[in-house]
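Q: Numbering (the UniProt record's numbering), first residue to last: 1 to 195.
Note that beta-carbon positions come from the ideal geometry of N, C-alpha and C, so glycine has one too.
What you are looking at is a predicted structure, and each value in this text was computed from that prediction instead of being measured.
Mind having a look at this structure? Questions to follow.
Below you can see the structure in the form of structure tokens.
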């Protein structure tokens, strides 16, 4: 684990690892968690049962299905930054969130976490991966509600974060170790901007 020393000691970072199903959000997110020693939130865990049932039946989620999920996840990320019994009342330097955030308006919902607090910085790490590999990875998953038929639906909804100042894009068409290494380097560089 490496630590971040910020000039503004109270600055906290929300790292949102984004992209369609199968791009490696959870794996990369847990890697950032381990490197920074901060909490990790798995976005899939915040979906209500109705969303999971829809996806497991191959029914794409609508914007209306996603709003409460995104708000719940954003609120959990904000809460994870607060002093609590879980963190011995010492707030962490950040939190990592795995969340598809396929559209800009979904990322905007997450951005609200930083609007009310100048000490919170939000960063998106978009994992870009080709459709064939996404399909293969989702097909190989065991005991996950997201079926491979949903990959095309997610790609139809996808709005890549081009030109979004707080988004970092990583080519995930490489071995997982290489992707993880590149992401951690980007995270280190981003943190260095706050020193």
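Buried or exposed: residue 118, going by 16 or more other Cβ atoms within 10 Å of its Cβ?
A: Here residue 118 refers to the residue found at position 118 when the chain shown is read from its first residue. By the 16-neighbour rule on beta-carbons within 10 angstroms, residue 118 is exposed.
Q: Buried or exposed for residue 183, going by 16 or more other Cβ atoms inside 10 Å?
A: Along the chain shown, read from residue 1 onward, the residue named residue 183 stands at position 183. Its Cβ being crowded by 16 or more others within 10 Å, residue 183 is buried.
Q: Beta carbon of residue 127, beta carbon of residue 24: below 8 Å?
A: Against the chain shown, residue 127 aligns to sequence position 127. Against the chain shown, residue 24 aligns to sequence position 24. Yes, Cβ-Cβ distance for residue 127 and residue 24 is below 8 Å.
Q: Going straight from the alpha carbon of residue 103 to that of residue 88, what length do you get?
A: Here residue 103 refers to the residue found at position 103 of the chain shown. Here residue 88 refers to the residue found at position 88 of the chain shown. When rounded, the distance between both Cα atoms is 36 Å.
Q: List, from N- to C-terminal side, the beta strand (DSSP E) runs of 3 residues or more that fit wholly inside the region 24 to 98.
A: 40 to 42 and 94 to 98
Q: Please state if the CB of residue 138 and the CB of residue 14 are separated by a distance shorter than 8 Å.
A: The sequence position of residue 14 within the chain shown is 14, counting from 1. The sequence position of residue 138 within the chain shown is 138, counting from 1. No, Cβ-Cβ distance for residue 14 and residue 138 is not below 8 Å.
Q: So for residue 162, helix, strand or coil by DSSP?
A: Here residue 162 is taken as the residue at index 162 of the chain shown, counted from 1. Residue state, collapsed to three classes: coil.
Q: Is the CB-CB distance between residue 69 and residue 39 below 8 Å?
A: Here residue 69 refers to the residue found at position 69 when the chain shown is read from its first residue. Here residue 39 refers to the residue found at position 39 when the chain shown is read from its first residue. No.
Q: Tell me whether residue 128 sits in a helix, a strand or coil according to DSSP, three-state version.
A: Within the chain shown, residue 128 is the residue found at index 128, counting from 1. Residue 128 falls in the strand class under three-state DSSP.
Q: If you measure between the beta carbons of residue 32 and residue 74, is that distance less than 8 Å?
A: By one-based count along the chain shown, residue 32 stands at place 32. By one-based count along the chain shown, residue 74 stands at place 74. Result no, Cβ atoms of residue 32 and residue 74 do not sit closer than 8 Å.
Q: Less than 8 Å between the C-beta atoms of residue 81 and residue 120, yes or no?
A: On the chain shown, position 81 is the one that residue 81 refers to. On the chain shown, position 120 is the one that residue 120 refers to. Their beta carbons are under 8 Å apart, which means residue 81 touches residue 120 by this criterion.
Q: Could you give the distance in angstroms between the alpha-carbon of residue 6 and the alpha-carbon of residue 178?
A: Indexing the chain shown from 1 puts residue 6 at position 6. Indexing the chain shown from 1 puts residue 178 at position 178. Any reading at residue 6 needs caution, since the residue's pLDDT is 43, under 50, leaving its predicted position unreliable; the model's value is listed next. Looking at the two C-alpha atoms, the distance is approximately 27 Å.
Q: Using C-beta distances below 8 Å, list every residue in its chain close to residue 27, excluding the 5 sequence neighbours before and after it, in chain order.
A: Position 27 of the chain shown holds residue 27. Answer for residue 27: 176 and 180, listed in chain order.
Q: Return the residue from the list 85, 41 and 46 that minimises the CA-CA distance to residue 67.
A: Counting from one through the chain shown, the residue named residue 67 turns up at place 67. For the residues 85, 41 and 46, the minimum Cα distance to residue 67 belongs to 46.
Q: Could you please give the first and the last residue of the uninterrupted beta strand (DSSP E) stretch that includes residue 155?
A: Working through the chain shown from its first residue, we reach residue 155 at position 155. Premise fails: residue 155 lies in the alpha helix (DSSP H), 150 to 157, not in any beta strand (DSSP E).
Q: Take residue 108 as the anchor and find which of 54, 164, 93 and 29 has the nearest alpha-carbon.
A: What you label residue 108 is simply residue 108 of the chain shown in a count that begins at 1. Its Cα nearest to that of residue 108, the residue 164 stands out among 54, 164, 93 and 29.
Q: Going by DSSP, which residues form a beta bridge with residue 122?
A: Here the question's residue 122 lines up with position 122 in the chain shown. Residue 122 is bridged to 14.
Q: Would you report the Cα separation of residue 79 and residue 155, rounded to the nearest angstrom?
A: Indexing the chain shown from 1 puts residue 79 at position 79. Indexing the chain shown from 1 puts residue 155 at position 155. Looking at the two C-alpha atoms, the distance is approximately 31 Å.
Q: When you compare only the Cα positions, how much space is there between residue 56 and residue 136?
A: By one-based count along the chain shown, residue 56 stands at place 56. By one-based count along the chain shown, residue 136 stands at place 136. Spanning the two alpha carbons is a distance of roughly 17 Å.
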